[in-house]
Structures are given as structure tokens and as C-alpha cells.
Amino acid sequence: MTAVPKLQVLHERGQHEVFCGLTGIMWLHRKIQDAFFLIVGSRTCAHLMQSAAGVMIFAEPRFATAILEEKDLAGLSDANEELDKAAARLLARRPDIKLLFLVGSCPSEVIKLDLSRAALRLSAAHAPNVKVLSYSGSGIETTFTQGEDNCLAALVPELPAEEPGASRSLLVVGTLPDIVEDQLQRTFEALGIAATFFPPRRSRALPPVGPHTRVLLAQPYLAETARRLEERGAQRLKAPFPLGVEGTTQWFAAAASEFGVTHEKLAAVVTPLAERARIALEPSRQRLSGKRVFFFPDSQLEVPLARFLSRELGMHLVEVGTPFLHQELLSAELELLPGVSLSEGQDVERQLGRCRAAKPDLVVCGMGLCNPLEVEGFTTKWSIELVFSPVQGFEQAGDLAALFARPLARRALLQVNACS
Amino acid sequence: MQLSVWTYEGPPHVGAMRVVTAMRGVHYVLHAPQGDTYADLLFTMIERRRERPPVTYTTFQARDLGGDTAGLFKTAATEAYERFKPELLVVGASCTAELIQDDPGGLGKTLGLPVPVVPLELSAYQHKENWGAGETFYRLVRACVPPPASPPARAGPRRRCNVLGPTALGFRHRDDVKELEGLLARLQVTVNVMAPLGASPRDLARLGDADFNVVLYPEIAAPAATWLAKAFGQVNVTTVPIGVGATQDFIREVAALAEVDPSPLLGQGQSRLPWYSSSIDSTYLTGKRVFVFGDGTHALAAARVAVEELGFTLVGLGTYSREQARAVRSAAERYGVPALVTEDHLEVEELMTKLQPELVLGTQMERHIAKRLGVPCAVISAPVHVQDFPARYSPQVGFEGANVLFDTWVHPLMMGLEEHLLHMFRDDFEFQDSPSHLGAAPPAKAAPLPAAPLPAAPLPAKADSPHDLWSDEARSELQKIPFFVRGRARRNTEQFAKDRGLHHITLETLYDAKAHFQR
Ligand code: SF4
Ligand code: SF4
Numbered sequence: 001m002t003a004v005p006k007l008q009v010l011h012e013r014g015q016h017e018v019f020c021g022l023t024g025i026m027w028l029h030r031k032i033q034d035a036f037f038l039i040v041g042s043r044t045c046a047h048l049m050q051s052a053a054g055v056m057i058f059a060e061p062r063f064a065t066a067i068l069e070e071k072d073l074a075g076l077s078d079a080n081e082e083l084d085k086a087a088a089r090l091l092a093r094r095p096d097i098k099l100l101f102l103v104g105s106c107p108s109e110v111i112k113l114d115l116s117r118a119a120l121r122l123s124a125a126h127a128p129n130v131k132v133l134s135y136s137g138s139g140i141e142t143t144f145t146q147g148e149d150n151c152l153a154a155l156v157p158e159l160p161a162e163e164p165g166a167s168r169s170l171l172v173v174g175t176l177p178d179i180v181e182d183q184l185q186r187t188f189e190a191l192g193i194a195a196t197f198f199p200p201r202r203s204r205a206l207p208p209v210g211p212h213t214r215v216l217l218a219q220p221y222l223a224e225t226a227r228r229l230e231e232r233g234a235q236r237l238k239a240p241f242p243l244g245v246e247g248t249t250q251w252f253a254a255a256a257s258e259f260g261v262t263h264e265k266l267a268a269v270v271t272p273l274a275e276r277a278r279i280a281l282e283p284s285r286q287r288l289s290g291k292r293v294f295f296f297p298d299s300q301l302e303v304p305l306a307r308f309l310s311r312e313l314g315m316h317l318v319e320v321g322t323p324f325l326h327q328e329l330l331s332a333e334l335e336l337l338p339g340v341s342l343s344e345g346q347d348v349e350r351q352l353g354r355c356r357a358a359k360p361d362l363v364v365c366g367m368g369l370c371n372p373l374e375v376e377g378f379t380t381k382w383s384i385e386l387v388f389s390p391v392q393g394f395e396q397a398g399d400l401a402a403l404f405a406r407p408l409a410r411r412a413l414l415q416v417n418a419c420s
Numbered sequence: 421m422q423l424s425v426w427t428y429e430g431p432p433h434v435g436a437m438r439v440v441t442a443m444r445g446v447h448y449v450l451h452a453p454q455g456d457t458y459a460d461l462l463f464t465m466i467e468r469r470r471e472r473p474p475v476t477y478t479t480f481q482a483r484d485l486g487g488d489t490a491g492l493f494k495t496a497a498t499e500a501y502e503r504f505k506p507e508l509l510v511v512g513a514s515c516t517a518e519l520i521q522d523d524p525g526g527l528g529k530t531l532g533l534p535v536p537v538v539p540l541e542l543s544a545y546q547h548k549e550n551w552g553a554g555e556t557f558y559r560l561v562r563a564c565v566p567p568p569a570s571p572p573a574r575a576g577p578r579r580r581c582n583v584l585g586p587t588a589l590g591f592r593h594r595d596d597v598k599e600l601e602g603l604l605a606r607l608q609v610t611v612n613v614m615a616p617l618g619a620s621p622r623d624l625a626r627l628g629d630a631d632f633n634v635v636l637y638p639e640i641a642a643p644a645a646t647w648l649a650k651a652f653g654q655v656n657v658t659t660v661p662i663g664v665g666a667t668q669d670f671i672r673e674v675a676a677l678a679e680v681d682p683s684p685l686l687g688q689g690q691s692r693l694p695w696y697s698s699s700i701d702s703t704y705l706t707g708k709r710v711f712v713f714g715d716g717t718h719a720l721a722a723a724r725v726a727v728e729e730l731g732f733t734l735v736g737l738g739t740y741s742r743e744q745a746r747a748v749r750s751a752a753e754r755y756g757v758p759a760l761v762t763e764d765h766l767e768v769e770e771l772m773t774k775l776q777p778e779l780v781l782g783t784q785m786e787r788h789i790a791k792r793l794g795v796p797c798a799v800i801s802a803p804v805h806v807q808d809f810p811a812r813y814s815p816q817v818g819f820e821g822a823n824v825l826f827d828t829w830v831h832p833l834m835m836g837l838e839e840h841l842l843h844m845f846r847d848d849f850e851f852q853d854s855p856s857h858l859g860a861a862p863p864a865k866a867a868p869l870p871a872a873p874l875p876a877a878p879l880p881a882k883a884d885s886p887h888d889l890w891s892d893e894a895r896s897e898l899q900k901i902p903f904f905v906r907g908r909a910r911r912n913t914e915q916f917a918k919d920r921g922l923h924h925i926t927l928e929t930l931y932d933a934k935a936h937f938q939r
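If you read the protein sequences in the order shown, they are chains L and U.
Residue numbering for the first sequence follows our numbering, starting at 1 and increasing by one per position.
Residue numbering for the second sequence follows our numbering, starting at 421 and increasing by one per position.
Next up, the structure:
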């Protein structure tokens, strides 16, 4: 194995054009089916949730915003009282809720409304039916997927301790769509590895954690969660992330080697899946191979995605922007990544300048930027879809590739364009 | 603290963005955390504007808070000026930045920029989007328009007007202004300035040259129009020309000011709505129960059109615009229906469920509620979604606007002739319980009237009424009632039975109830 070459990273500190951590509630509330997310924030927070989600198909989704008003700002004791009332009203309306998250926002943090104390108070008031926890999803503390990191990190202390003398167990950490989780679980079963997933679908089904727990991250943005699990004795397995055939293969291989699964068995289980996935990649590969791609920072999935695009689909990486570069969590990824220009943080105007100068074939960026870039003649992929869609694992590798190929295919089809 | 899931209006700085994005030559430096940049997608994704809104966000973080957030603001503002070279810079704070009290207005003045810097104070914890738009527009007008020493004397016909109110992300503003310009031209009136949409600060400076103002969207234009009228002795035309009647009122009002003959525009054939509404197919629209909810302007207009021009029965009227609460309440009183002024969509849902309308005219929020209730719905007001920015020309104002209203409100309903046929054929074994022009392709089985995957009101199942409320005979009769009225028939019958202490619904009860509710 070669040593990691010293990374050249461009650090930027200008205007960030990314969501705040509140946005993670979009998928977290679908995942943990008896949890409710109460944002303590402003009208802006509520409006973000509704605009970013786009879909308002739920009459009463399991999240809401307690909007701070003038009178709440005047006195904090009143704000606490108001919060207690809001929580009580909400829980009375939703007896199915077993876990309530108070989610901090910029305004609640700037006025120093202590949500962890509020959570303790409310937990006591609503025990044993409802557990109340808190975390920050604010834009001054978190960027997009960091909201999930904070949420899961807040759950870690709630995990029961391992039974004394427990045997080695695998904990897969990070929110995945149910369908993906079930597929991965079947593969672990075939390998003979008992895996549990975190977060769980029901808040009371928390997996135990302790020195015999091996953690396999399914998402790259879970630095704080991983740290807290390690504090509880768990060991994190070094692996790339299960995006693409190679990433998924190595991800399973990391677990297999830790759990003493033989090479033969691993190959017998994984090879047919990998082969099938490779066939699914092929049409997109033809479309994408040799094309140049530019990533704007968004979800921290950028490095694994870039690795997939370059190694499995033959794309050239022009710039890979990411909000944060956790070199430790990404070490297995960075070893696979060819020399590439990485940028961390953002100065959106300057980055747009670099993008225009480089004229990539495909730009991966947030929804605020896509259409204006299309007008300028660029082909874009809106990045949030990469977070909302099932993309992990073997069965989704082809879909993931297709997400990148589709904008190019479309552009090739159309005999009209944004400038006509 | 107000508990909210979906909101009708965004924060006031989004209103400010709607104004500056509509204009030319203006840039907005917003002191705000990174997450607030989501607002860009409203314009680029939902409205499909071709450029990013002219907004620079400072995107300060927690670690900046102890330090120099004010410095961050100054750098952002200076760089934004250098990069975009606007004629005018607007500066302000989002909800979070308001709390850290950096005073963007004060800071903006110290930058020594060669262009005017207009500070906005939007009180994010008190106000909302439309108020923010109105306040921003007012501040811009005050900053750009030199007030005269005294209102200029005016004599003779008034034939120059301003059109005030259209913004970015407005519901059909793009098409409304075109329709309106055509109408004004036919009245020999020229548009002096249209604002904010398409106007530059230099255009605003000329606002005083007009003889009168068309206050097209009072939610946004009223504060500026009120000041202009006073300062320049202008007249404000506040009739919003949505619907045939209101358009005619508007024409009379403008014609009187311009001293032209309105009659060519008041004659027949300007809009197809009156004829379409009178034609026999429309008989079936008579008395359709309609629930209206939206911003004040559009809700009031829709109520009038629904009652006076389509012959619907208004069953409820509401708005989320507190500013127009009084007007909506008094209109509701005139129509003899309950008024609802609320920002809580659950309250709207509750009232809608209770009133059992056959058509809902509302915002995208009501569209979702209506979908759940299985009631047809047409969108008449913001907040709207991507499909409410149609590719085709579809204004709401003027005569063409009235045509659009007829089409978009009537299409979700059953066509008259078809409704009639459904009644005739409902016993046919091949009968499929849905109208043909609504919904998707039929399933495998061919049927004269293909099925649409519409949520039909469920039949009372045996299991859900322990006392077996419905007799078999009554239940199968209920099944023969067309799906779009079946829910109401069921609820009415059950209510009827309950009121009379009946524990069993027979065929007789069903028809007794029908007769009762037909009175
Ligand atoms: S479900 Fe449809 S109408 Fe509703 S918000 Fe989403 S896209 Fe818009
Ligand atoms: S950035 Fe802050 S204020 Fe803005 S939506 Fe996110 S949490 Fe709310």
C-alpha cells in the first residue's frame, strides 16, 4: 500500500452557498418513524424546511418549527415556558411519538436558549412515554449533513451498554433508505455477520454499544457520531464508503476481514453482486467516460462520489469541493483518489469563476446554482438528489451512475437549449 | 412561540429579495448565516429565473460571533459592490443577524461607496414576506424619488400612470403586467414606470412624473403608493382588475381619469368568460360549493368571480394576509359565509373538511389539503409551486385573465354533459366511477368511461361501524352515487341519522336524508 501523498487542499472562507443542518430532518424524520423534530427557530427556518423539501405531501409531517416571536426574545424564562407549552401541545396531538428532538437553530443559539436543559426538563415531564433530546442544526454551527451527525451523536449516550461478555458485533452507522438497508443486511447475513443499523427505525430499538462493537460508517459525514461511539469503546473500521461497486466491495471486505470471513466466502457472496452492478454501470460509463466533472461543496459525499466517478466511470475530476474534509474518516477514500484539486469550504463567487474558466462537462451543485449555470451553457446535476435518493450498495450503483449520466444524455437529446 | 409546519409566507427578507430580484441595477447584501442561502432556489428552481438573485450573503458562522461579524459584513458589501457594480446597494439583516445587532445600515454608510446604500429594518420576529416586500419597495422609492416641495398642480386628462406591485416570484405577475399594459394602451394611457418588476433605481426616480398609480398588488405596493399619492398629488387606482366585473370597474375608473370613452372596452366579446359561463354546459356549475383562501387580493377577487361570474355558491372565504383581514371579513359578511384569517394551515383544513366544498380555490397549501380530501382544486394565489409558473401565457388580470380563470377553475370539475351522462349510465355494468378528462389512462379493462386513480370517498365498510349502521341495501345504493358526491352523501346521511337517533340506515333513510338536505 502506498503512502498517502500529501494533499493539496484549497481552503476557502467566503460566501457559502449550502444548506444548514436543519435540512437533515428531511430524511431523519422518515427514518426514525416514532421520532418528532421540533425546530426552535424563526420563520426562516420553517421556510427553509418547506422550500428545501419541495414536497409537502404530508399534512402533518413529523417535524415542525416553534417560531420565536418578539415576546420570546424579550425574556428567556418566557421562551422556556413557551417551549414547554408548544412541546406539550404537540405531544398531546401525536401520542405515537416516543422520541422528541429539540433542534437548535441560529436564532435559538444566538439568544442562548439552552435546549439541552430544556430537553432534560421536558424528558422528566413526559417520562416514560417520551424521551426528549436536543442537538444543533443551526447554520452557524452546521452545514447540511452535519445536522444528521449531530442528531446521531445526541443519540449515542442513549445506546444501551453491551452485555458483559458480548461477542463481537457490527454496527452500521448512518441513515440509509430502508430498501438499501435491507439489501445490505441480506449481504451481511450471507456473510454470516450479525449487523445492526443505527439510527434504528423505531426509537426504542437502540442497538447496544461497547468495546466489542465494530463500527462501519455508511455515510462520510459522521465525525462527531463516530467520536462518541469510540468514546464508548467501539472501534471504527477503516473502509471507503459503499458508493459504487468498488466502494461497496471494499466496505463489505473491511467488515469481512474483521469478522474472520474467509476470502472464498466473501468472493462467493460479493462477486455475483459486483458483477451484476458492473453491468448496470456500463451504459452510464459510456456516456461519462472521458468527461470532466466539477463538484461544488454540498453534502460531504463529494470525495467518495468523485472516487466513484473517476475510478469506475472514467471521468476526469476538475475540482472536488466539499464543505469539510475529514481526512481521518476519508483516509481509505483518499488513498483511492487520484491526484485531484480538492477545495474545502467555499467562496461561491470565486468558485464560479474557477468553474467558468475550467469549462467542465458536468457541474455537480446545489439547486440555487443549477439553472443559472445551465443558462450559461453548463450541464449540471443538482446535488441534493444524491442525498435524498437510494444510491448506496451494489444494487444502486447503476442508479447512482445514471444520476450523473442523465443530464448529459438529456443535453445530447435536446435540439433546443437554454439560450434559444 | 408559534408552532408551524407549513407557512404561507416566508420571512420578510425574502420579500425584500422578491423586490430586488425583480429590479435591475440593485444588489442586496444580506447579513445572514449560510443556511439562509436556500432562498436562492425559490427564484432559480421554482420560478426558473435565468440568473441568481442579486443577493450576497455574509454567511457568518458561530466562530465569527465572538469576533468581527461587522468586519465580515463590510468586506462582503465592498466585494459585492466591486463585483456587481450596482446602481444602488440595499443592506439588511436576516432574523439571526438582527439578534447580533451589527447594524448593516450604519456599516453600509461607512463604506464610502459611490452609490446610494439603502438600509432595511424588517423586524423578522414581527413581520412576514409580503410586509417585507412592501417595506422594501417603499424604502427604495423614498431613496430614489426626490420629493417635490409641494405636490405639482395637475389639470386635464390623466394619461400617464405607474403600475406598482409586481415582483419576482409573484403569482402570475409576469403575465399580469403584459395584460394590463395592453388594457391601458387601449385606454390611451401610457405606462410611466412599472415597478419593482423591470425597473432600475433611475426609473424609480421618475415615478413622480405619472398622473396616477395602478396599485396592482396592494400587499406590496400600498405603502409606496400611499406616499406617492400624497407627495405628488397622484390618484391611486385600487381596483384590482381580476374577473370581468372588476376589469370593467377598473376600465371605468381609468377612463374617467384619462377622460376617454370606455364603452368600446365595455361591450361584448372582450372576454369569453361571460358567454362560456352562460352556455348550457355551464348549467352544471350552478351552486357548486366553493371554498376560497389566499392572499387578500386574490381571495377577494376569486370570491367575486366565483359568485357573480360563475354562479358558484361561496361556502367559506379566508386569507393569511393579516393586513387585509378587515376587507376579507367584510366581504365574507356580505356573502354570508364564515371568514377565516389565519396562518395555520391546519385550521384551514379543519374548516374545509367541515364545509365540504366541491371546489377549492386556494394556494398550493390548499391544493394539498384538497388532494387529501379528494376535492378538486385550482390555485389562485401565492404561495405557489413550480407548476404555477406555466410556460404558456396565463394572466389573472384583465379579459384574458378572466378566460384563464374560467378554464383553470372549471377544468378540475366535471364537464356538464359528462356529469349528466354519468347519472344516466351509472347502473351500467361497465360503468367506471370517474370522469374521463381527469386523470390517467384506464387499467387493462376497456371501459366507456376510463377510471382515473382519484381518491374516491370510501364506502362505509361493515367493519368500521360496530352497530352495522348501514343496511346492505342502503350501502349498495350509496355505491351507485357518483364518487364526487358520495362522500357528502354519506356524511349527510350519517349526520341525518345521528340527529334523529337512528341506529340503522335503510334505503328510506338515505332518501329521507337526500330530501332533507335538498331543501
Ligand atoms: S408535492 Fe407537488 S405541488 Fe406540492 S410542493 Fe411538491 S411539487 Fe409542489
Ligand atoms: S441558517 Fe440558521 S436561521 Fe437560517 S434556516 Fe438554518 S438554522 Fe434557520
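Here a beta-carbon is modelled for each residue, glycine too, at the ideal position from N, C-alpha and C.
{"Check": "So, helix, strand or coil for alanine 871 of chain U, using DSSP?", "Outcome": "Reliability of the predicted coordinates at alanine 871 of chain U is poor, the pLDDT of 31 falling under 50, and no value is obtained from them."}
{"Check": "What is the DSSP secondary structure of tryptophan 890 of chain U, reduced to helix, strand or coil?", "Outcome": "strand"}
{"Check": "Going along the stretch 94-112 of chain L in order, which residues come within less than 9 Å of chain U, judged by CB to CB distance?", "Outcome": "Ser105, Cys106, Pro107, Glu109, Val110, Ile111"}
{"Check": "Measuring only between beta-carbons, confirm whether arginine 89 of chain L sits less than 8 Å from chain U.", "Outcome": "yes"}
{"Check": "Which residues of the stretch 344-376 of chain L have a Cβ closer than 8 Å to any Cβ of chain U? Give them in chain order.", "Outcome": "Glu349, Gly366, Met367, Gly368, Leu369, Cys370, Asn371, Pro372, Val375"}
{"Check": "On the three-state DSSP scale, how would you describe cysteine 370 of chain L?", "Outcome": "helix"}
{"Check": "For threonine 733 of chain U, which residues of its own chain have a beta-carbon under 6 Å away from its beta-carbon, when the five flanking residues on both sides are left out?", "Outcome": "Gly707, Arg709"}
{"Check": "State the beta-bridge partners of arginine 709 of chain U as determined by DSSP.", "Outcome": "U:Thr733"}
{"Check": "For leucine 589 of chain U, count neighbouring Cβ atoms within 10 angstroms of its own Cβ and tell me buried if that reaches 16, exposed if not.", "Outcome": "buried"}
{"Check": "Mind checking which residues open and close the beta strand (DSSP E) that includes glycine 104 of chain L?", "Outcome": "99-104"}
{"Check": "Measure from the C-beta of glycine 192 of chain L to each C-beta in chain U and report whether the shortest distance is under 8 Å.", "Outcome": "no"}
{"Check": "For the beta strand (DSSP E) that arginine 633 of chain U lies in, which residues bound it at each end?", "Outcome": "For clarity, residue 633 of chain U is asparagine in the given sequence; the question names arginine instead. Unbroken beta strand (DSSP E) run through asparagine 633 of chain U: 632-635."}
{"Check": "So for threonine 929 of chain U, helix, strand or coil by DSSP?", "Outcome": "helix"}
{"Check": "Which class does cysteine 419 of chain L belong to by DSSP, given the choice of helix, strand or coil?", "Outcome": "coil"}
{"Check": "With DSSP as the reference, please indicate the residues paired to isoleucine 662 of chain U in a beta bridge.", "Outcome": "U:Val817"}
{"Check": "Quick one, which of U:Glu549, U:Leu922, U:Leu624, U:Leu423 has its alpha-carbon nearest cysteine 581 of chain U's?", "Outcome": "U:Leu624"}
{"Check": "Roughly how many whole angstroms lie between the Cα atoms of glutamine 816 of chain U and proline 661 of chain U?", "Outcome": "9 Å"}
{"Check": "Flag glycine 139 of chain L as yes if its beta-carbon sits less than 8 Å from any beta-carbon of chain U, otherwise no.", "Outcome": "yes"}
{"Check": "Could you check which residue in L:Pro107, L:Asp96, L:Ala274 has the C-alpha nearest to that of glutamate 141 of chain L?", "Outcome": "L:Pro107"}
{"Check": "How long is the line joining the alpha carbons of threonine 65 of chain L and glycine 435 of chain U, rounded to whole angstroms?", "Outcome": "20 Å"}
{"Check": "Comparing alpha-carbon positions, which option in U:Asp595, U:Leu686, U:Gly756, U:Leu509 lies nearest proline 474 of chain U?", "Outcome": "U:Leu509"}
{"Check": "With C-beta atoms as the reference, is cysteine 240 of chain L less than 8 Å away from leucine 170 of chain L?", "Outcome": "Note that residue 240 of chain L corresponds to proline in the displayed sequence, not to cysteine. No, Cβ-Cβ distance for proline 240 of chain L and leucine 170 of chain L is not below 8 Å."}
{"Check": "What residue does the alpha helix (DSSP H) around alanine 527 of chain U start on, and which one ends it?", "Outcome": "Residue identity differs from the one stated: residue 527 of chain U is leucine in this sequence, not alanine. Segment 524-529, the alpha helix (DSSP H) holding leucine 527 of chain U."}
{"Check": "Going by alpha carbons, who is nearest to glycine 486 of chain U out of U:Ile520, U:Arg472, U:Leu462?", "Outcome": "U:Ile520"}
{"Check": "I want to see whether chain U comes within less than 8 Å of glutamine 300 of chain L, judged by CB atoms only; does it?", "Outcome": "no"}
{"Check": "How far does the alpha helix (DSSP H) with arginine 214 of chain L in it extend, from its first residue to its last?", "Outcome": "Run containing arginine 214 of chain L: none in the alpha helix (DSSP H); it sits in the beta strand (DSSP E), 213-217."}
{"Check": "Relative to the C-alpha of leucine 266 of chain L, which candidate in L:Ala274, L:Ala256, L:Ala124, L:Glu275 has its C-alpha closest?", "Outcome": "L:Ala256"}
{"Check": "Exposed or buried, which one is tryptophan 695 of chain U when buried takes at least 16 other CB atoms within 10 Å?", "Outcome": "exposed"}
{"Check": "If you measure from the beta carbon of phenylalanine 809 of chain U to each beta carbon in chain L, is any gap under 8 Å?", "Outcome": "no"}
{"Check": "Leaving out five residues before and five after serine 885 of chain U in sequence, what residues of the same chain have Cβ atoms less than 8 Å from its Cβ?", "Outcome": "Its pLDDT being 47, under 50, serine 885 of chain U is placed unreliably by the model, and nothing is read from it."}
{"Check": "Between alanine 402 of chain L and chain U, is any beta-carbon pair separated by less than 8 Å?", "Outcome": "no"}
{"Check": "Quick one: any contact between the stretch 188-208 of chain L and the stretch 278-287 of chain L, if contact means 3 or more CB pairs under 8 Å?", "Outcome": "no"}
{"Check": "Would you mind sorting asparagine 612 of chain U into buried or exposed? The rule is 16 or more other CB atoms within 10 Å of its CB.", "Outcome": "buried"}
{"Check": "Please state the DSSP three-state secondary structure of leucine 584 of chain U.", "Outcome": "strand"}
{"Check": "Taking 8 Å as the CB-CB cut-off, is tyrosine 931 of chain U touching chain L?", "Outcome": "no"}
{"Check": "Residues of chain U with CB closer than 9 Å to the CB of leucine 22 of chain L, please, in chain order.", "Outcome": "Gly455"}
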